[in-house]
Ligand code: IVH
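Numbering (the numbering used here), first residue to last: 2 to 682.
Set out below in structure tokens:
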């Protein structure tokens, strides 16, 4: 980095100096809006113009280049090694608990030590899974960045920290202390992680196992030009050394101050009253976990009052005023005992790992998908290997990595079977990575899977007709296709294992109820290749009835939003198959009836708009609200961003509502939403 002394700039016109200053301030402001607040207020092209003007001026007047110029973020030539830095105030760690009771015990211990019965206020924050760092600002300028290391000394990573766009090179605002050390977590968001792994895959380089490893690896780059290309982020969570400022009384006030000076703070932090507030926060955060764009491994709760924090003090390694509430791990290690092959609804053969059972993501898991044979080669997996398994939210568990394969003393190669494990027919290769059973609907496994799909909740929603029951009914040849479901009766069903007359009666009743459905659900239940729920809904809304869909050609089908050539091809093939048409007629004859959609000529009122639902609606289920919005042409997204058009906020709305307010996104209540629906009928 070329940082010249001030002296040589004395001959430069004042107007130029002022212009350079103004440009730097503007760019820092827009960086903060873009990278910290996810709320850009100028188009990228305007930003690029500001940046280019600054680069141009600095080239013409190199003496003006300063360390806090945004042009100096781009990364410098590789360093030889990292220097060690001693933390003036040790960077402590956190005690942790794994259940609610132990969190309650923590509150009791704190109160006992304070000899107080009063309800305590807590600052609750996500426990971000990244790398702990310390940043030092001297006279508002970013002077140094260091890793936590062992808490006493860490490594100097200033060259890398400077490349992170959400970290200000200069603090703005009033009352900035002459010396300020802020601490926090540097991490890679889930999207950023996916992006760099996708790039690594393209270039054939090694992929990272998880965002934390990727962030740690990126911060330990000697070449900061590499760091600069990775979208690292930071959330600050405490301060260290501070000079020349009187601190406010509460931790949450400090957070507000840091934010006002331009530092990035976690928007999902909250102040709550009492340990009940903490329990509620932890539960809520756990529910939101899968939807957050960054990985967390728990919540951190901290006594908010700084005087009380001082009274409580610290043990050797951890403060007495804070506690980490750890969520169940989403990644754990186990062993692959065997690999079996499952046959799906369309005959695709999927390898599934049988695992030594492990507790992961809150449940015990003994199977994990391996997706396809390509995935097995990518993982270089052999039977008997120790592996890392991941289960996040409700997503099906997957094997993410083989660890210490040398520990596997008798590795066995995994080979695709030549014959279908269910029906013995030949297995054929389909395209680059897929293998299929060649038998089609005569394969029992395919029949079972297509019936299970037909009866599932999002399709015909036949309660009680689950996998186990379907398996028996197909094996006994009582069911051979989906239309047979409608000739099941109590007598046939009650002969099955674990089926009393009463349960059989319930299933028959559920079958009867399922006969009345919607066009979209019926279409989805048919199991046309690559026609998921959203595509089925889009087709129903576009064409209005099954006749039109079944007669539509490729061109008409691709006019439907999000339907491309491949899906359109599958739809045409499905409806040109006489057997499929006969099955639909059979279903109709059994009394299955679906509601068509009235397609208006008017353009959809909410076309091109993206809605987000949050909180609980009193008058309708979230799925219904979603369907109504889609009917009106809107897209429904799971998280709020600058692209969101409107947020519908029911009672209990949390961070999404707050984010909408921060970004200036329109929010409406349930009543306003109902009025919007009324207007459109
Ligand atoms: S507070 C004295 N707050 O968790 C308090 N830590 O085991 C020290 N972490 O090394 C830490 N999110 O890397 C705190 N909101 C948060 C955090 C957080 C993640 C990490 C941090 C620390 C580790 C403690």
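Even for Gly, the Cβ is constructed at its ideal location relative to N, Cα and C.
Review point. Among 655, 124 and 532, which residue has its Cα nearest to the Cα of residue 568?
Key: 532
Exercise for review: Within 10 angstroms of the Cβ of residue 6, are there 16 or more other Cβ atoms? Answer buried if so, exposed if not.
Suggested key: Note that residue 6 scores 43 on pLDDT, short of 50, meaning its location in the model is unreliable; the coordinates nonetheless yield the value given after this. Flag for residue 6 reads exposed.
Exercise for review: Find the nearest neighbour of residue 184 within the set 197, 208, 192 and 150, judged by alpha-carbon distance.
Suggested key: 150
Point to revise | As assigned by DSSP and simplified to three states, the class of residue 399 | key: strand
Check your understanding: Just checking my contact of residue 305 with residue 124 at CB under 8 Å: how many whole Å lie between their CB atoms?
Key -> Correct: roughly 5 Å between the Cβ atoms.
Practice item. Counting only the same chain and skipping the five closest in sequence on each side, list residues whose C-beta sits under 8 Å from that of residue 71. Key: 25, 28, 29, 32, 52, 55 and 170
Practice item. Work out the CA separation of residue 661 and residue 640 for me, nearest whole Å. Key: 10 Å
Check your understanding: Going by DSSP, what residues sit across from residue 190 in a beta bridge?
Key -> Partner(s): none; residue 190 has no beta bridge.
Exercise for review: Check the C-beta distance from residue 292 over to residue 326 and give it rounded, since I have them as a contact under 8 Å.
Suggested key: Going by Cβ atoms, the distance from residue 292 to residue 326 rounds to 19 Å, so no, they are not a contact pair.
Check your understanding: Which of helix, strand or coil does DSSP assign to residue 295?
Key -> It is coil, neither helix nor strand.
Practice item. Determine the direct distance from the alpha carbon of residue 522 to that of residue 622, and round the result to whole angstroms. Key: 16 Å
Exercise for review: Return the first residue and the last residue of the alpha helix (DSSP H) that residue 471 is part of.
Suggested key: 468–476
Review point. Whose CB is closer than 5 Å to a heavy atom of the ligand IVH? List the residues in chain order.
Key: 93, 94, 95, 126, 128, 129, 133, 186, 238, 301 and 320
Check your understanding: Are residue 172 and residue 244 close, meaning C-beta to C-beta below 7 Å?
Key -> no
Check your understanding: Which parts of the segment 480–554 are runs of the alpha helix (DSSP H), unbroken and 4 residues or longer, counting only runs that do not cross its ends?
Key -> 491–495, 502–515, 520–526, 534–544 and 547–552
Review point. In this structure, does DSSP put residue 102 in helix, strand or coil?
Key: Helix, per DSSP.
Review point. From the DSSP output, which residues share a beta bridge with residue 322?
Key: Beta-bridge pairing links residue 322 to no other residue.
**Study point:** Residues of its chain near residue 353, where Cβ-Cβ distance is below 8 Å and the 5 sequence neighbours each way are ignored
**Key:** 340, 341, 342, 343, 368, 369, 370 and 371
Review point. Can you check whether the CB of residue 164 is closer than 7 Å to the CB of residue 228?
Key: yes
Review point. For residue 365, which beta-bridge partners are listed by DSSP?
Key: 360
Review point. Could you give the residue range of the alpha helix (DSSP H) that holds residue 424?
Key: Premise fails: residue 424 is in no alpha helix (DSSP H) and is neither H nor E.
Check your understanding: Can you name the residues that DSSP bridges to residue 236?
Key -> In the DSSP assignment, residue 236 is bridged to 186.
Point to revise | Three-state secondary structure (DSSP) of residue 48 | key: helix
Exercise for review: Flag residue 539 as yes when its Cβ comes closer than 6 Å to any non-hydrogen atom of the ligand FAD, and as no otherwise.
Suggested key: With respect to the ligand FAD, the structure offers nothing, as its ligand set consists of the ligand IVH.
Point to revise | The beta strand (DSSP E) enclosing residue 62, as first and last residue numbers | key: Looking at the DSSP string, residue 62 is not in any beta strand (DSSP E), and its letter there is neither H nor E.
Review point. To which residues of the same chain is residue 453 closer than 6 Å at the C-beta, ignoring the five residues directly before and after it?
Key: 468 and 471
Review point. What's the C-alpha gap between residue 580 and residue 355?
Key: 37 Å
Practice item. Would you kindly work out how many angstroms separate the C-alpha atoms of residue 394 and residue 22, rounded to a whole number? Key: 47 Å
Review point. Can you tell me where the beta strand (DSSP E) with residue 85 in it begins and where it stops?
Key: 85–87
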